[in-house]
Amino acid sequence: MRIQKKILNLKSWRDMAGVKLLDICSSDKETFCLEDLRTSLSLCEQVDTPDKGGMTGLMHCAYRGHTGGVSLLLERGANVNSQQESDGYTPLMFATIAGQSEVVDQLLEAGATTTTLNKIGKTASQLGAFVGQHDCVQVINNYFPLSELQAYTSKAKLPLHLSHQLHKLLSTTHIHPVHLVQRFSPELCQSFTAVERVLENVCRERLTAENESLSLKAHYMSFLLRHTVQDGSPSLLKRLLTFSATGVPVELDRVLRQCLRDFPHIHSVLLKQLVSTLARVEPGGPPSALSLFTSVIVGEKTSVADGEREEKCATCGTISSGLKKCTQCKLVFYCGVACQRLAWTTGNHKKLCKKWTSANTNPSP
Numbered sequence: 483m484r485i486q487k488k489i490l491n492l493k494s495w496r497d498m499a500g501v502k503l504l505d506i507c508s509s510d511k512e513t514f515c516l517e518d519l520r521t522s523l524s525l526c527e528q529v530d531t532p533d534k535g536g537m538t539g540l541m542h543c544a545y546r547g548h549t550g551g552v553s554l555l556l557e558r559g560a561n562v563n564s565q566q567e568s569d570g571y572t573p574l575m576f577a578t579i580a581g582q583s584e585v586v587d588q589l590l591e592a593g594a595t596t597t598t599l600n601k602i603g604k605t606a607s608q609l610g611a612f613v614g615q616h617d618c619v620q621v622i623n624n625y626f627p628l629s630e631l632q633a634y635t636s637k638a639k640l641p642l643h644l645s646h647q648l649h650k651l652l653s654t655t656h657i658h659p660v661h662l663v664q665r666f667s668p669e670l671c672q673s674f675t676a677v678e679r680v681l682e683n684v685c686r687e688r689l690t691a692e693n694e695s696l697s698l699k700a701h702y703m704s705f706l707l708r709h710t711v712q713d714g715s716p717s718l719l720k721r722l723l724t725f726s727a728t729g730v731p732v733e734l735d736r737v738l739r740q741c742l743r744d745f746p747h748i749h750s751v752l753l754k755q756l757v758s759t760l761a762r763v764e765p766g767g768p769p770s771a772l773s774l775f776t777s778v779i780v781g782e783k784t785s786v787a788d789g790e791r792e793e794k795c796a797t798c799g800t801i802s803s804g805l806k807k808c809t810q811c812k813l814v815f816y817c818g819v820a821c822q823r824l825a826w827t828t829g830n831h832k833k834l835c836k837k838w839t840s841a842n843t844n845p846s847p
């Protein structure tokens, strides 16, 4: 009798620990305490204890955007693909519909499956698109599993750290060529032959798997890396940052058009659509090649919050509401001193800035 009572008391104590864990995970950001969660985990036997609706601690943290809590729960063995929730939602689905893009990235890195369906047959990406969380949808749609990439890099005998660099490039949603060229490390350029072989294989096999966007993205990365190696980073950046008198990056447009011409899979439906659109406009004219590349590779972008003004860095293409104007011409924006310096020293903004300032004319965007 005493033994049974002790077992019941122990079970009750463990249940209380599970309830405490869920309370911590479901708290808002102002009251969430990572140390309390760590203490609770040391007392709780099951890290995936669900609440009455089937939501686990990881699901609550994912929905609330507790990045530290997500990391800790994953370290303690929380199931990243759990579907205990009554409607079949996963942690990735909760993070996506809540617009927690940083958590989405954490879960993907931990092995979250993007093709899992909930009870109404929707994936995390589809749910995010439905509620307008396009930043999260971009992260999911541009994610390429590291394990799959390493299958290619191991055959090409690329070191592990270069595999990680290449993985970040393939997963990025910021595909402006200036931004990417600056991210190509010297080691990546030195291993160009092997890297190009990997990207060509990804390009071919993703096309076969009917993922034309990722196929084009792999080719785009390979094309830019090749020209970075052949032309040199300063020379390529100078070309990409040469603007016309009206403020249009015509040379950048020509580079991307050449990228399309070099795409080896001429039967691609996506390629035909892009070529057909660009054939009707002059280089630099709307729609620009960069806007089309961004649309088909990255997807739709979330607008900034109401009342905020969105601007684009004239150098690297970063989009934000907090960019600074050029202090002289006050016609272009930069995300920082480094981008402004690059535009003045490598690009031709210094020359154009004087012309625009003296003429007091606004170049075309």
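The sequence shown: position 26 = 508 (my numbering), numbered continuously. Beta carbons: idealized from backbone N, C-alpha and C, even for Gly. In this text, all values refer to a predicted model and were calculated from it rather than measured experimentally.
Alpha-carbon spacing of residue i relative to residue j, whole angstroms
| i | j | result |
| --- | --- | --- |
| MET537 | CYS808 | 50 angstroms |
| THR848 | GLN632 | Absent from the model: residue 848. The displayed extent of the chain is 483 to 847, so no value can be given. |
| PHE666 | GLN672 | 10 angstroms |
| GLN740 | PHE775 | 13 angstroms |
| VAL621 | THR828 | 31 angstroms |
| LYS832 | LEU707 | 27 angstroms |
| ASN683 | SER645 | 14 angstroms |
| LYS837 | SER726 | 12 angstroms |
| SER758 | LEU719 | 28 angstroms |
| THR724 | GLU733 | 6 angstroms |
| ASP533 | LEU504 | 7 angstroms |
| CYS811 | HIS616 | 34 angstroms |
| ILE506 | VAL619 | 28 angstroms |
| ASN561 | GLY539 | 10 angstroms |
| THR596 | LEU738 | 30 angstroms |
Within 8 angstroms, strictly: CB atoms of residue i and residue j
| i | j | result |
| --- | --- | --- |
| LEU722 | VAL778 | no |
| ALA577 | TYR545 | yes |
| SER583 | PHE626 | no |
| GLY535 | CYS543 | no |
| LEU850 | GLU694 | There is no way to answer for residue 850, as the model of the chain reaches only from 483 to 847. |
| TYR816 | ALA796 | yes |
| GLY603 | ILE579 | no |
| ASN563 | THR513 | no |
| LYS601 | GLY547 | no |
Integer-rounded CB distance, given that residue j should sit under 8 angstroms from residue i
| i | j | result |
| --- | --- | --- |
| MET575 | LEU651 | Not really, about 27 angstroms apart at Cβ, beyond 8 angstroms. |
| SER522 | LYS502 | 5 angstroms |
| ALA771 | ASP735 | 5 angstroms |
| HIS658 | CYS798 | 6 angstroms |
| GLY766 | VAL730 | 4 angstroms |
Residue interval of the alpha helix (DSSP H) (run including residue i)
| i | result |
| --- | --- |
| GLY804 | No alpha helix (DSSP H) holds GLY804; DSSP gives it neither H nor E. |
| MET541 | 539-546 |
| ARG721 | 715-722 |
| GLN528 | No alpha helix (DSSP H) holds GLN528; DSSP gives it neither H nor E. |
| ASP617 | 616-623 |
| SER773 | 771-779 |
| MET758 | Reading the sequence as shown, one finds Ser at residue 758 and not Met. Counting along the chain, the alpha helix (DSSP H) containing SER758 begins and ends at 751-760. |
Checklist line | Start-end ranges of the alpha helix (DSSP H) lying completely within the stretch 647-684, minimum 4 residues | finding: Counting only runs of at least 4 residues, the stretch 647-684 fully encloses the following alpha helix (DSSP H) elements, listed from N- to C-terminal order: 659-665 and 668-672.
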